[in-house]
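If you read the sequence shown in this note's numbering, its first letter stands for residue 64, the second for the next number, and so on.
See structure below.
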Amino acid sequence: VKRIGILTSGGDSPGMNAAIRAVTRVGINAGLEVFGIYNGYKGMTEGYIEPLTRESVGEIVNRGGTILGSARLPEFKDLDVRQKAVKQLQKRGIEAVVVVGGDGSYRGALALTEMGVNCIGLPGTIDNDITCTDYTIGFQTALETVVECIDKLRDTSNSHHRCSIVEVMGNRCGDLALWSGIACGAEIIVTSETGFDEEEVLGRLRDLDLIKKKRHAIVVISEKITDVDQFAKKVSLNTGFAGRATTLGHIQRGGSPCPFDRLLASQMGEKAVDLLMQGIGGQCIAIRDNKIVAIPITEALGMPHESRKPLMNLFERLV
Ligand code: ATP
Numbered sequence: 064v065k066r067i068g069i070l071t072s073g074g075d076s077p078g079m080n081a082a083i084r085a086v087t088r089v090g091i092n093a094g095l096e097v098f099g100i101y102n103g104y105k106g107m108t109e110g111y112i113e114p115l116t117r118e119s120v121g122e123i124v125n126r127g128g129t130i131l132g133s134a135r136l137p138e139f140k141d142l143d144v145r146q147k148a149v150k151q152l153q154k155r156g157i158e159a160v161v162v163v164g165g166d167g168s169y170r171g172a173l174a175l176t177e178m179g180v181n182c183i184g185l186p187g188t189i190d191n192d193i194t195c196t197d198y199t200i201g202f203q204t205a206l207e208t209v210v211e212c213i214d215k216l217r218d219t220s221n222s223h224h225r226c227s228i229v230e231v232m233g234n235r236c237g238d239l240a241l242w243s244g245i246a247c248g249a250e251i252i253v254t255s256e257t258g259f260d261e262e263e264v265l266g267r268l269r270d271l272d273l274i275k276k277k278r279h280a281i282v283v284i285s286e287k288i289t290d291v292d293q294f295a296k297k298v299s300l301n302t303g304f305a306g307r308a309t310t311l312g313h314i315q316r317g318g319s320p321c322p323f324d325r326l327l328a329s330q331m332g333e334k335a336v337d338l339l340m341q342g343i344g345g346q347c348i349a350i351r352d353n354k355i356v357a358i359p360i361t362e363a364l365g366m367p368h369e370s371r372k373p374l375m376n377l378f379e380r381l382v
């Protein structure tokens, strides 16, 4: 392998730049030429591809987002669109690609590998919803952002006998809600794993008000579970607290990556380049029990989500 490419795909996450830098520098230092493919599979198909140098990835390890841009191209599922993309790579002599993104991006990477372009996937998403890895690149940074926001909400809800209902991202994965809920000392956490029984949550809030005499309550809830604005109104009507909903939204995706994410991205980028140099593709990189490992994408996509029961039990014992 002489020439490799790198792209970022799906939702962006803090640490993607550190991954781009690692793949570029490790690649160049090993004698490879490295190309940046802009705007994910869209740019690959359109031929928006440019060489990366040691210098062009300077000053980005600390920056959020992705200098390569990200995009979604649903048509990449079609063989003729992928054939166009492969031609763009062949034109430039790019034999292998590192894909930073989520599950969907991994499917694209697998499809390309099956067409003869070895691809390695890196887990770039704040949602921590890639089941084969303990942590995705961006999760810890997003967690810090969420914790900072909830700490601020706590100050103000404390002063007004409020119940703050905070909706956090996660794309059906409850990790951001669970981790931040524990870290912030929330009163209630709702995720797809806990389920949402509205009456039960209202009852618990009434207990917190009347029996535990809490001055405020924080409910952390994963996105895509319920309409938090409507729920806040019900809290005001049915409990002693004034319900206020806050949807943190895209603020969770931004910011300078925390050291953990920078290190994770660097280690994963290194592993990806090493595999591509050995002529290996169709794998994704994960961190499991503190070790950086490679797993076949076919296996990774089918892995069930690990139960978060132990952390949930801990949370219940802290309330
Ligand atoms: P996020 O977790 O942020 O949503 P993701 O990688 O899962 O990231 P998707 O939009 O699902 O985001 O996928 C990103 C891109 O990967 C798609 O726009 C498409 O170009 C490509 N892709 C997704 N699924 C497939 C597939 N089955 N075959 C080929 N390409 C795919």
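By construction, the Cβ of each residue, glycine as well, lies at the ideal position given by its N, Cα and C atoms.
Euclidean distance between Cα positions of residue i and residue j
i    : j    : result
T14  : R155 : This structure cannot speak to residue 14, because the chain is shown only from 64 to 382.
V161 : A81  : 13 Å
M375 : L241 : 7 Å
G128 : T199 : 15 Å
K65  : R135 : 28 Å
R278 : A349 : 42 Å
G201 : G132 : 16 Å
K275 : G266 : 13 Å
V180 : G342 : 10 Å
G121 : T87  : 10 Å
Y169 : L311 : 27 Å
G365 : T309 : 34 Å
A335 : V356 : 10 Å
E138 : R145 : 9 Å
G397 : L338 : Here the chain has residues from 64 to 382 only, and residue 397 is not among them.
F259 : G74  : 26 Å
Assigned secondary structure, residue i (DSSP; H/G/I helix, E/B strand, else coil)
i    : result
Q203 : helix
F259 : coil
I360 : helix
F139 : helix
T309 : strand
S370 : coil
E96  : strand
C347 : strand
R66  : strand
S227 : strand
L185 : strand
I252 : strand
S319 : coil
T129 : coil
E113 : strand
T87  : helix
K296 : helix
K154 : helix
V180 : coil
G73  : coil
G103 : helix
G164 : strand
C-beta contact flag for residue i and residue j at 8 Å
i    : j    : result
V210 : L239 : no
G224 : A295 : Residue identity differs from the one stated: residue 224 is His in this sequence, not Gly. No, the Cβ-Cβ distance between H224 and A295 is not below 8 Å.
A159 : C182 : yes
G345 : T71  : no
L216 : I281 : yes
T204 : P320 : yes
L273 : C226 : no
G99  : L115 : yes
C236 : D190 : yes
V431 : I314 : In the structure displayed, the chain extends from 64 to 382; residue 431 sits before or after that span and is not available.
A85  : S329 : yes
Residue closest to residue i, alpha-carbon to alpha-carbon, out of the options
i    : options                : result
T188 : E177, C182, G167       : G167
K297 : E379, E261, L173, G233 : E261
E379 : I358, I245, G258       : I245
I83  : D324, G317, S370, E138 : D324
M340 : M79, R117, P359, E96   : E96
T257 : K372, V89, G106        : K372
P77  : H368, S370, G317       : G317
N234 : D192, L326, E369       : D192
Distance cut 5 Å, beta-carbon to the ligand ATP heavy atom: residue list by chain order: S72, G73, G74, Y104, R135, L136, F139, K140, G164, G165, D166, G167, S168, R170, G171, A174, T188
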